[in-house]
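Below is one structure, written out as structure tokens, with a few remarks after it.
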Amino acid sequence: MLPVVALLGRPNVGKSTLFNFLTRSRDALVADAPGLTRDRQYGFGKVGPRGYIVIDTGGLSGEDQGIDALMMKQSMLALEEADVAIFVVDGRNGLASGDERIAGELRRAGKTVLLAVNKSEGLQAEMVTAEFHALGLGEPKAIAAANGRGVEALMTAALADFPETDDEDLLPEEEGVRVAVLGRPNVGKSTLINRLIGEERLVAFDQPGTTRDAVAVPFERDGHKYTLVDTAGVRRKSRVSETIEKFSIVKTLQAIDQAHAVIIVLDAREGITEQDASLAGLAVDRGRAIVLAVNKWDGLDPSKRDRVKAEVDIKLPFLTFARLHYISALHGTGVGDLMGSINEAHDAAMKELATPELTRVLEQAVQQHQPPLIRGRRIKLRFAHQGGRRPPIIVIHGNQTERVPEAYRRYLENRFRDTFQLYGTPVKIEFKTGTNPYSGRRNTLTPRQQRKKDRMLKHFKSRKK
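In the working numbering, the protein residues as written are 1426 to 1890.
Structure below.
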């Protein structure tokens, strides 16, 4: 189970900057995840010795009245959800009375707390952290969230009590393919699982939020073993009010992390929402194989169907690799094809790709469409090999690879996907630039040769003038 790390502190101390650095995202996709209050943002952490869920919270003034009291309440809920809290303070402005109030609340919570002294760029760590020892929260750690200084060491300390994990680790064989069923409340997730397993195993009631926790249901079909995980629906920010439902957000993110594949259930009658896109984005961000199921399709008039199809193209353009099914979980229409797409997506995510074949496809792609020129020099891509599975990672080596445009990256991704039938899973392309064999070599010119070179340079400069 992924540990949960909460970021707390006064306004403008750099919590959101740290959140963005930890999640390696600045496009606000994870910040706009569905079902969250305005003051709590969730994402998957990528900096440190293992994976985790990170929660950003609203700024706390330390006051106990008005909106400050409400923000404190939200942050305390995040603290309850968390396994570890990181208390962020401002190293340039120094210790404030609000810091002392917040520190008192953290001590009373009884959770593991690390003190991060942010904005320490250009300052000596001992000097910038000295006065914060007075908070009584252990050894302060100097960081600079803006450029990442000290952040990895901070997360290593925060996650020290949790074992390191490897994304290649698979679930026990007897569980088979673990499939998380995701979606907003009342889109029909429990009804779909009941239809797939052929019995009323889960409570399906026409009221949003019936499922409060992730429920695992093992079953077997056509000789394949699966474990379906029904997750709590994730609401829009303004609709999240009950504490128990807020806790289900963490459960849903943990279910995504533990799954081999996910079925994202969409509601055809309500259309595709920003919350659908954000939830799908979190699944892609975690590299999970994906199948899309547009539910409640039966009885929909043709104009509404056309509108939903257009919304899928417009609002979910990053899911073109996923198989799309129009279904009715209640009546069973189209449901029978879902598990075939799950098998295809899971097999693609776990596929072994041989280096010679990857390099051959790369060479063919470059021959048909060469990389662009950069300052008169063409980017050279030499060979490719597989760097990981779930999702497939293809590592391409060459020169100036850090300058490969995003459009060319997508071109290569599509070529690899089509050639190796990698449908249903994200494909990640990583570029590696080879080191210059002449870099770092000492000047081998003799003194006489060096003087001659200097005279020639001086001559050319004078002529230029």
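Don't be surprised by glycine CBs; every beta carbon is placed ideally from N, CA and C.
None of these values were measured; they are calculated from a predicted model.
By the beta-carbon neighbour count (other beta carbons within 10 angstroms, threshold 16), Pro1565 is buried. Val1576 is positioned such that its CB atom lies no closer than 9 Å to that of Asp1515. In this structure, the alpha-carbon of Asp1710 lies about 56 Å from that of Met1881. The segment 1761-1771 makes contact with the segment 1600-1620; the number of CB pairs closer than 8 Å reaches 3 or more. Residue pairing for Ala1541: DSSP places it in a beta bridge opposite Val1513, Lys1566. In the three-state DSSP reduction, Ser1753 falls in the strand class (E or B). In this structure, the CA atom of Thr1652 is about 4 Å from the CA atom of Pro1643. Three or more beta-carbon pairs separated by less than 8 Å link the segment 1677-1693 to the segment 1711-1719, which places the two stretches in contact.
Relative to Gly1724, the option among Gln1700, Leu1744, Arg1694, Lys1740 whose CA is nearest is Arg1694. Check the Cα spacing between Leu1562 and each of Thr1745, Arg1526, Leu1707, Asn1518: the tightest is with Arg1526. Across the structure, Asp1762 and His1750 are spaced so that their CA atoms are roughly 8 Å apart. In terms of Cβ geometry, Leu1806 and Ile1821 form a close pair [threshold 9 Å]. When secondary structure is reduced to three states using DSSP, Arg1730 falls in the helix class. Here Tyr1836 has no same chain residue with a Cβ atom under 6 Å from its own Cβ, once five neighbours each way along the sequence are excluded. Secondary structure of Asn1445 (DSSP, three-state): helix.
In the three-state scheme derived from DSSP, where H, G and I count as helix and E and B as strand, Leu1778 is classed as coil. The alpha-carbon separation between Gly1648 and Asp1843 amounts to approximately 28 Å. A direct Cα-Cα distance of roughly 22 Å separates Val1760 from Ala1680. If you draw a 10 Å sphere on the C-beta of Leu1778, you find 16 or more other C-beta atoms in it, and that means buried. Listed as beta-bridge partners of Gln1795 by DSSP are no residues whatsoever. Assignment of Asn1824 by DSSP, reduced to helix, strand and coil, places it in the strand class. DSSP links Asp1655 through a beta bridge to Val1606, Val1640.
Taking the Cα of Glu1645 as reference, the smallest distance to any Cα among Asn1543, Ile1618, Asn1572 is reached at Ile1618. Distance from Glu1551 to Ala1569 at the Cβ level is roughly 15 Å; contact not present, criterion being Cβ atoms closer than 8 Å. Secondary-structure assignment with DSSP links Lys1650 through a beta bridge to Glu1645.
Per DSSP, the unbroken alpha helix (DSSP H) holding Asp1701 starts and ends at 1699-1710. Taking C-alpha positions only, Ala1790 is separated from Arg1713 by approximately 26 Å. Straight through space, the alpha carbons of Gly1484 and Lys1676 are spaced by roughly 25 Å. DSSP lists Val1820 as the bridge partner or partners of His1810. Within the DSSP secondary-structure output, Gly1470 pairs in a beta bridge with Tyr1477. Going by DSSP, Asn1619 is part of the alpha helix (DSSP H) stretching over 1614-1622. Boundaries for Ala1832: no beta strand (DSSP E) harbours it, while the alpha helix (DSSP H) harbouring it runs 1831-1845, taken from the DSSP string. Excluding sequence positions up to five before and after Arg1517, its CB lies within less than 6 Å of the CB of Lys1544, all in the same chain and listed in chain order.
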